[in-house]
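Report on the following structure.
Residue numbers (the numbering used here): 29 to 541.
Shown next, in the form of structure tokens:
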């Protein structure tokens, strides 16, 4: 019986069948498509980091321009047409949603002019074919004794091309008029017995209006206030004194002192030896700096007293992660105690103990995290989790029963190292990290672990990125300290737990409060 014609092998002059040629074409098209997708992803990452870098550079330039020209008003040729800004309330006069020295919301007035003596409120500019929207505000701040005591400058730079973003710079600036400029004074921190999550010892500085410290007790030393002060007048030569005042929550004075000279590191220090702290209460520290010509300025910082240990982490779990060799998912729960006065966790410290070894710190995860993927797990590890609150009080979980991981890997090739990244301070206590994606041609990149240090010696894992679909190349590290410098590096790990080599090291210095 003769076969149908469409089943016959139809060959060209070189001997290839039509089916073989069609299959080869499909394979080639798939390879080309894959390469185009990977190339497009790489280009997107590069464009995003470029936009943010250019925007930050532009914001710094605009801020310096406002300061150097000492603008006192915003120039708006058409006051009825204000920028589309959620912080701005149009009207007569327009208002700006800002924060006061305690970090609480406050409405500030924008002084405007229609003469070209002020800075333009908004304009568009372009750099490297990227369009940037620049908005500028000059806000006036009143203190207890003077109206419009000093200026508060705000610069916002935003962009919509590639990936939309915005960077914001804010700074206070002395008013230039017939009076001599005030000194520069800033309470940069309060040190108490606190927890250093890089070294696992009690040695750290708690800073910021929403942080807490441990008041003097049998287990905690007296807090120490650190202040920097410098002259801001061409006629003044030195700071003659810094007057400290500590206020009770009801506004009455708890203690005060005068410090006449800085220490060897340039700080004016005050040891708070008062034993009358009330746990769970908020106190206000005020520092008034006076130069040798009698000019003065004041800074204030609100602190919370917290001597209560937090609740223990509960229900620790350790299980094979995605059924892979060497990767263990450690998870836990945490519910605050009703009696805890400041129930805010700064970090969760994860400890790992091998069957025949000592317990050691595996990671220091942010307080809003409830899991950690251990890519260095071995058979039958034991895990514990410690909760550390913002004042340095701690509570340790129970141990997790030892587990057994998969016996042998099927992929031994690690991903490529993370060598291109951008690290920047987005506030006085938060750093944002963006990076170019690693590649892995075995089981595929499963996530990234970020480590940090302050001394280039004691490194700790401080965060992980596991959701590579919704948030592949951005990580934010919260709870940092103003004015301090942190160093970061990253490793990529694949589905089998293979880790890349350590990436490059990137430093970031946090903004001052």
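Note that CB positions come from ideal geometry on N, CA and C, so glycine has one too.
As the structure is a computational prediction, the values presented were derived from the model and not from experiment.
Cβ pair residue 372, residue 418 closer than 8 Å:
yes
Identify every residue that forms a DSSP beta bridge with residue 522.
473
With distance defined between alpha-carbon atoms, name the residue in 464, 424 and 271 nearest to residue 443.
464
Does the distance from the CB of residue 219 to the CB of residue 421 come in under 8 Å?
no
Which residues DSSP lists as bridging residue 535, in chain order
515
Using only alpha-carbon positions, find the residue among 512, 280, 161 and 316 that is nearest to residue 112.
161
Tell me the residue span of the beta strand (DSSP E) that contains residue 451.
449-453
Cβ separation of residue 212 and residue 269, assumed to be a contact under 8 Å, to the nearest whole Å:
Residue 212 to residue 269, Cβ: 15 Å. No contact.
The beta strand (DSSP E) enclosing residue 491, as first and last residue numbers
488-493
Do residue 370 and residue 240 have their C-beta atoms within less than 8 Å of each other?
Taking 8 Å as the Cβ cut-off, residue 370 and residue 240 qualify as a contacting pair.
Hey, could you find the ends of the beta strand (DSSP E) residue 110 is sitting in?
Note, residue 110: premise wrong, no beta strand (DSSP E); not H, not E.
If we ignore side chains and look at the alpha-carbon of each, how far apart do residue 510 and residue 454 end up?
11 Å
Opposite residue 310 in the DSSP bridges: which residues?
332
Please tell me whether residue 391 and residue 446 are closer than 8 Å, where the distance is taken between their beta carbons.
no
Strand pairing of residue 254, partner residues [DSSP]
217 and 297
6 Å Cβ shell around residue 136 - same chain, five flanking residues per side excluded
124, 126 and 167
Short check: CB of residue 264 to CB of residue 323, under 8 Å?
yes
Minimum C-alpha distance to residue 468 - residue among 489, 185, 525 and 504:
525
To which residues of the same chain is residue 360 closer than 8 Å at the C-beta, ignoring the five residues directly before and after it?
341, 342, 343, 344, 345, 376, 398, 399, 413 and 425
Quick one: what's got a C-beta closer than 6 Å to residue 502's C-beta in the same chain, skipping five residues either side?
462
Relative to the C-alpha of residue 134, which residue among 439, 146, 115 and 145 is closest?
115
Local conformation of residue 266 per DSSP, three classes:
coil
Can you give me the C-alpha to C-alpha distance between residue 216 and residue 327, rounded to a whole angstrom?
In this model, residue 216 and residue 327 are separated by some 10 Å (Cα to Cα).
Alpha-carbon to alpha-carbon, residue 156 and residue 69:
Residue confidence is low: residue 69 scores 46 on pLDDT, short of 50, so the model does not pin down where it sits. No coordinate-derived value is stated.
For a test of the three-state rule: what should DSSP assign to residue 157, helix, strand or coil?
coil
Length of the line joining the Cα atoms of residue 590 and residue 374
Look at the range of the chain in this structure, 29 to 541, and you will see that residue 590 is not part of it.
Which residues in the same chain as residue 319 place their Cβ atom closer than 6 Å to its Cβ, once the five residues preceding and following it in sequence are excluded?
211, 259, 264 and 267
By DSSP, does residue 90 sit in helix, in strand, or in coil?
DSSP places residue 90 in helix when its eight states are reduced to three.
Could you work out which residue in 410, 506 and 183 is closest to residue 383 when comparing CA atoms only?
410
Alpha carbon to alpha carbon, how far is residue 138 from residue 102? Give it in angstroms, no decimals.
7 Å
Inter-residue spacing [alpha-carbon to alpha-carbon] between residue 427 and residue 381
10 Å
Residue 376 - containing beta strand (DSSP E), residue span
373-381
Do you know offhand how far residue 388's Cα is from residue 441's?
Each residue's alpha carbon lies about 27 Å from the other.
Selection from 294, 518, 394 and 163 that minimises the alpha carbon distance to residue 507
394
Residue 180, DSSP secondary structure in three states
In the structure shown, residue 180 sits in a strand (DSSP, three-state: E or B).
Tell me the rounded alpha-carbon separation between residue 366 and residue 307.
14 Å
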